[in-house]
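**Student:** This is the structure I want to talk about, given as structure tokens.
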């Protein structure tokens, strides 16, 4: 049996590591890519490297951005008294697509998960506490995943911040349980945000 | 609404042009790629460009190859008296995976399709005729798609070559009609190859 050229095999292996790309898709993509114009492949490779090089995390909120601070943090028309706390930078995009939230954001960088070795000190919690002492924040909206670890993280944070003098709420269970922000449609997300309730601070 | 950084939007647009990658997959891939190690992105980009630069089409049969001529054409243990004619370079891989064919190949580069502007002179037909006068070819096996255009191309070629003194056969209808080689499993493909029949040369 004549094997595939090594260069293609390597490309299939590299593409197969990407999320959502199975072995068949990787093969199909690789065979497509070695047969199109060489310049088109070069353009794709450049776009890839440039995107990675230009995109940084905002030093204030942790969002994906090309400028420092990011567009939301530097936008004076947005309501700086409300900060929505999310797990990942991409969760901000889900909320922004809904176009109903005018406050600011803070990316935690994950959720507390002892089984996966994620402790509170691995998250951007201290960074938020610094913002609390520096910015005129009156309300924190917790918009974490609605799974067990997301719930636990929300309760941990509500307890940790109960004496900070800010209102702490959580987006409502409009999201299907066990899911994350990235799977929610705009309406579900909008209702969840509107229906937020204060957390009992024991 | 805070827009995505331009670099990410560009990357999503570029990825969305690839086959089998829809808008959601493109966004997911792009957001993944701007958040992994910069070196990993560079490696992927290099693999991409290298694969495209190293892979050429064999000057004899038209297969994808890094060496010239390709591994099949330069393999003296293969039976040079039987040549299997396929539409695309990737069709060779489908047949090689089956591991039951020991002849050589010829890539047509498509099938006759007047509606899409593909005429006989756009295909590598003359190249095959040059091979017929140069190589000890005794049989040509037509392994084109089993759709109307593939059938028409097979009949056209059988008629064109009826006085060339070679046996011309076509792989059997073991493939589901209206489909192409890339969707066939090994057994179906193997039966189709075994059950090949001479074409009536009117």
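Residue numbers (the numbering used here), protein chains in the order written: chain G, 1124 to 1325; chain S, 1124 to 1325.
Using N, Cα and C, we set each Cβ at its ideal position, and we do this for glycine too.
(1) Would you mind working out which of 1255/G, 1135/G, 1166/G, 1145/G sits nearest residue 1155/G, comparing C-alpha positions?
(2) Using a Cβ-Cβ distance cut-off of 7 Å, determine whether residue 1146/S contacts chain G.
(3) Would you tell me roughly how many angstroms separate the C-alpha atoms of residue 1176/G and residue 1272/G, rounded to the nearest one?
(4) Using a Cβ cut-off of 7 Å (strictly closer), state whether residue 1143/S contacts chain G.
(5) If I measure Cβ to Cβ from residue 1287/S and keep anything under 7 Å in the same chain, skipping five residues before and after, which residues do I get?
(6) Interface residues of chain G around residue 1133/S at Cβ under 9 Å?
(7) Across which residues does DSSP place residue 1180/S in a beta bridge pair?
(8) Give a yes or no on whether the C-beta atoms belonging to residue 1265/S and residue 1229/S are separated by under 7 Å.
(9) What does the alpha-carbon distance come out to for the pair residue 1138/S and residue 1151/S?
(10) How many Å lie between residue 1309/G and residue 1144/S at the Cα?
(11) Which chain S residues are close to residue 1189/G, counting only those with a beta carbon under 9 Å from its beta carbon?
(12) Does the region 1272-1284 of chain G come within contact of the region 1183-1190 of chain G, defined as at least 3 CB pairs closer than 8 Å?
(13) Looking at the strands, I want to know which residues DSSP matches up with residue 1292/G.
(14) Any contact of the region 1198-1206 of chain S with the region 1222-1237 of chain S, i.e. 3+ C-beta pairs under 8 Å?
(15) Indicate the three-state DSSP secondary structure (helix, strand or coil) for residue 1139/S in the structure shown.
(16) Please check the pair residue 1261/G and residue 1290/G, which I expect to be a contact at CB under 8 Å, by giving their CB distance rounded to whole angstroms.
(17) Residues of chain G with CB under 8 Å from residue 1230/S, in chain order?
(18) Beta carbon of residue 1198/S: closer than 6 Å to some heavy atom of the ligand ZN?
(19) May I ask you to list, following chain order, the residues of the region 1208-1235 of chain S that have a beta carbon less than 8 Å from some beta carbon of chain G?
(20) Quick check: the region 1156-1168 of chain S against the region 1166-1176 of chain G, are at least 3 beta-carbon pairs closer than 8 Å?
(21) State yes or no: is the beta carbon of residue 1165/S nearer than 7 Å to at least one beta carbon in chain G?
(22) From 1211/G, 1191/G, 1218/G, 1162/G, pick the residue whose C-alpha is nearest to that of residue 1307/G; which is it?
(23) Kindly list the residues whose CB is nearer than 8 Å to the CB of residue 1178/G, restricted to its own chain and excluding five residues on each side of it in sequence; keep chain order.
(24) Using a Cβ-Cβ cut-off of 7 Å, state whether residue 1161/S counts as contacting chain G.
**Tutor:** The answer reads as follows:
(1) By 1-based counting over the first chain, the position of residue 1155/G is 32. Minimum Cα distance to residue 1155/G is reached at 1135/G.
(2) Indexing the second chain from 1 puts residue 1146/S at position 23. Not an interface residue.
(3) Taking the first residue of the first chain as 1, we reach residue 1176/G at position 53. Taking the first residue of the first chain as 1, we reach residue 1272/G at position 149. Spanning the two alpha carbons is a distance of roughly 32 Å.
(4) As a first step, residue 1143/S is located in the second chain; it is residue number 20 there, counting from the start. Answer yes: the Cβ-Cβ gap between residue 1143/S and chain G drops below 7 Å somewhere.
(5) Working through the second chain from its first residue, we reach residue 1287/S at position 164. Result list for residue 1287/S: 1255, in chain order.
(6) One-based indexing of the second chain puts residue 1133/S at position 10. Those are 1170, 1173, 1174, listed as they occur along chain G.
(7) As a first step, residue 1180/S is located in the second chain; it is residue number 57 there, counting from the start. Paired residue(s): 1187/S.
(8) Counting from one through the second chain, the residue named residue 1265/S turns up at place 142. Counting from one through the second chain, the residue named residue 1229/S turns up at place 106. No, these two residues do not count as a Cβ contact at 7 Å.
(9) As a working note, residue 1138/S is residue 15 in the second chain. As a working note, residue 1151/S is residue 28 in the second chain. Residue 1138/S and residue 1151/S: Cα-Cα distance of roughly 10 Å.
(10) Working through the first chain from its first residue, we reach residue 1309/G at position 186. Working through the second chain from its first residue, we reach residue 1144/S at position 21. For residue 1309/G and residue 1144/S, the distance between alpha carbons rounds to 23 Å.
(11) For the purposes of this step, residue 1189/G is taken as the residue at position 66 of the first chain. Those are 1128, 1129, 1130, 1131, listed as they occur along chain S.
(12) no
(13) Residue mapping note: residue 1292/G aligns to position 169 of the first chain, counting from 1. Its beta-bridge partners are 1264/G, 1321/G.
(14) yes
(15) Position 16 of the second chain, counting from 1, holds the residue named residue 1139/S. Three-state DSSP puts residue 1139/S in a helix.
(16) As a working note, residue 1261/G is residue 138 in the first chain. As a working note, residue 1290/G is residue 167 in the first chain. Confirmed, Cβ separation roughly 6 Å.
(17) For the purposes of this step, residue 1230/S is identified with residue 107 of the second chain, where counting begins at 1. In chain order: nothing, as chain G lies at least about 11 Å away.
(18) The ligand ZN is not among the ligands present in this structure, which contains no ligands whatsoever.
(19) 1212, 1213, 1215, 1216, 1219, 1220, 1222
(20) yes
(21) The count along the second chain starts at 1 and reaches residue 1165/S at position 42. Yes, residue 1165/S lies at the interface with chain G (some Cβ there is under 7 Å from its Cβ).
(22) Here the question's residue 1307/G lines up with position 184 in the first chain. Per the Cα distances, 1218/G.
(23) The count along the first chain starts at 1 and reaches residue 1178/G at position 55. Hits under 8 Å: 1187, 1188, 1189.
(24) Along the second chain, one-based indexing puts residue 1161/S at 38. Chain G, which has a Cβ nearer than 7 Å to the Cβ of residue 1161/S, makes this yes.
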